[in-house]
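One structure is given below, encoded as structure tokens.
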Amino acid sequence: GAVVSQHPSRVICKSGTSVKIECRSLDFQATTMFWYRQFPKQSLMLMATSNEGSKATYEQGVEKDKFLINHASLTLSTLTVTSAHPEDSSFYICSASRSPYGEQYFGPGTRLTVT
Amino acid sequence: QKEVEQNSGPLSVPEGAIASLNCTYSDRGSQSFFWYRQYSGKSPELIMSIYSNGDKEDGRFTAQLNKASQYVSLLIRDSQPSDSATYLCAAQFGNEKLTFGTGTRLTIIP
Numbered sequence: 022g023a024v025v026s027q028h029p030s031r032v033i034c035k036s037g038t039s040v041k042i043e044c045r046s047l048d049f050q051a052t053t054m055f056w057y058r059q060f061p062k063q064s065l066m067l068m069a070t071s072n073e074g075s076k077a078t079y080e081q082g083v084e085k086d087k088f089l090i091n092h093a094s095l096t097l098s099t100l101t102v103t104s105a106h107p108e109d110s111s112f113y114i115c116s117a118s119r120s121p122y123g124e125q126y127f128g129p130g131t132r133l134t135v136t
Numbered sequence: 004q005k006e007v008e009q010n011s012g013p014l015s016v017p018e019g020a021i022a023s024l025n026c027t028y029s030d031r032g033s034q035s036f037f038w039y040r041q042y043s044g045k046s047p048e049l050i051m052s053i054y055s056n057g058d059k060e061d062g063r064f065t066a067q068l069n070k071a072s073q074y075v076s077l078l079i080r081d082s083q084p085s086d087s088a089t090y091l092c093a094a095q096f097g098n099e100k101l102t103f104g105t106g107t108r109l110t111i112i113p
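Residue numbers (my numbering), protein chains in the order written: chain C, 22 to 136; chain G, 4 to 113.
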């Protein structure tokens, strides 16, 4: 199997606060993890790619100082949304892969609402 | 810019019939192709991956790849209401990121 978990599944926070989202590969070692964002009725938008032990690679237009990504082990990556604002409200989904180029397995997603 | 195109639908298919979902891609060098199913409000789930020309079957699902024509399709046999979802096609060239299509919304009519 290839199971990926995410925590929390849903979070509501006040504007200006920070939120951390965890992504774990439960039954395999994930060399690479990806973070996506999806707005209602839109397709997935890749935010960043992270490889274990190295700095994340951010997509154009994604602020790396606002979306902090840490991939500390082969089974855990975290995304921290710093100083969140209402426009950051979205569905954040991580995926994990055994290699940078292989199949990606998605976590269940985290629905973030910033009030 | 590499693109993956899908008909957004909605595609309506009677229960028990074959649902056919199509996807074209712009980069002839694309090597890996994936089909994901996404239920409303949920994250994508990998259904099939295909890397070589031809057909690949897994249960009721068959993926078809034609690299010369740059298209990949997904057939769902004996469609069930639980197959109603948005289906995302994705292509990958070498070590580049996955490029997703915008998805086709499929509705199976009981």
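Every residue gets a Cβ at the ideal spot worked out from N, C-alpha and C, and that includes glycine.
Check: Would Y42 of chain G be called buried (16 or more neighbouring beta carbons within 10 Å of its own) or exposed?
Finding: What you label residue 42 of chain G is simply residue 39 of the second sequence in a count that begins at 1. With fewer than 16 other Cβ atoms within 10 Å, it is exposed.
Notebook entry, point to check: To the nearest angstrom, how far is it from the Cα of T10 of chain C to the Cα of I33 of chain C?
Noted result: Since the first residue of chain C shown is 22 and the last is 136, residue 10 of chain C is not available in this structure.
Checklist line | Minimum C-alpha distance to S46 of chain C - residue among C:D86, C:L97, C:G74 and C:Q59 | finding: One-based indexing of the first sequence puts residue 46 of chain C at position 25. For S46 of chain C, the nearest C-alpha among the options comes from C:L97.
Notebook entry, point to check: Do you know offhand how far F127 of chain C's Cα is from T107 of chain G's?
Noted result: On the first sequence, position 106 is the one that residue 127 of chain C refers to. On the second sequence, position 104 is the one that residue 107 of chain G refers to. One C-alpha to the other measures close to 19 Å.
Check: Name the residues in the stretch 119-130 of chain C whose C-beta lies less than 7 Å from a C-beta of chain G; which are they?
Finding: P121, Y122, E124, Q125, Y126, F127, G128, P129 and G130
Check: Taking the Cβ atom as the reference point for each residue, do I79 of chain G and E18 of chain G lie within a distance shorter than 7 Å?
Finding: In the second sequence, counting from the first residue as 1, residue 79 of chain G sits at position 76. In the second sequence, counting from the first residue as 1, residue 18 of chain G sits at position 15. Not a contact, by the Cβ cut-off of 7 Å.
Notebook entry, point to check: Would you call the stretch 19-26 of chain G and the stretch 72-87 of chain C in contact, with 3 or more CB pairs under 8 Å?
Noted result: no
Margin query: For a quick check, are the C-beta atoms of V40 of chain C and A105 of chain C less than 7 Å apart?
Written below: Counting from one through the first sequence, the residue named residue 40 of chain C turns up at place 19. Counting from one through the first sequence, the residue named residue 105 of chain C turns up at place 84. Yes; because the gap between Cβ atoms is below 7 Å, this pair is in contact.
Note to self: Quick check on the DSSP output: what are the complete beta strand (DSSP E) runs of length 3 or more inside the stretch 67-98 of chain G, in order along the chain?
What the structure shows: 74-79 and 88-95
Next item on the list: Answer yes or no: do L65 of chain C and Q59 of chain C have a C-beta to C-beta separation smaller than 7 Å?
Entry: Stepping through the first sequence from its first residue, residue 65 of chain C is reached at position 44. Stepping through the first sequence from its first residue, residue 59 of chain C is reached at position 38. Yes. Within cutoff.
Check: Using a Cβ-Cβ distance under 7 Å, would F103 of chain G count as near chain C?
Finding: Position 100 of the second sequence, counted from the first residue, corresponds to residue 103 of chain G. Chain C, which has a Cβ nearer than 7 Å to the Cβ of F103 of chain G, makes this yes.
Next item on the list: Starting from E48 of chain G, find everything on chain C with Cβ-Cβ shorter than 9 Å and list it in chain order.
Entry: Residue mapping note: residue 48 of chain G aligns to position 45 of the second sequence, counting from 1. Residues of chain C passing the Cβ test: Y126 and F127.
Note to self: Using a Cβ-Cβ distance cut-off of 7 Å, determine whether S111 of chain C contacts chain G.
What the structure shows: On the first sequence, position 90 is the one that residue 111 of chain C refers to. Closer than 7 Å: no.
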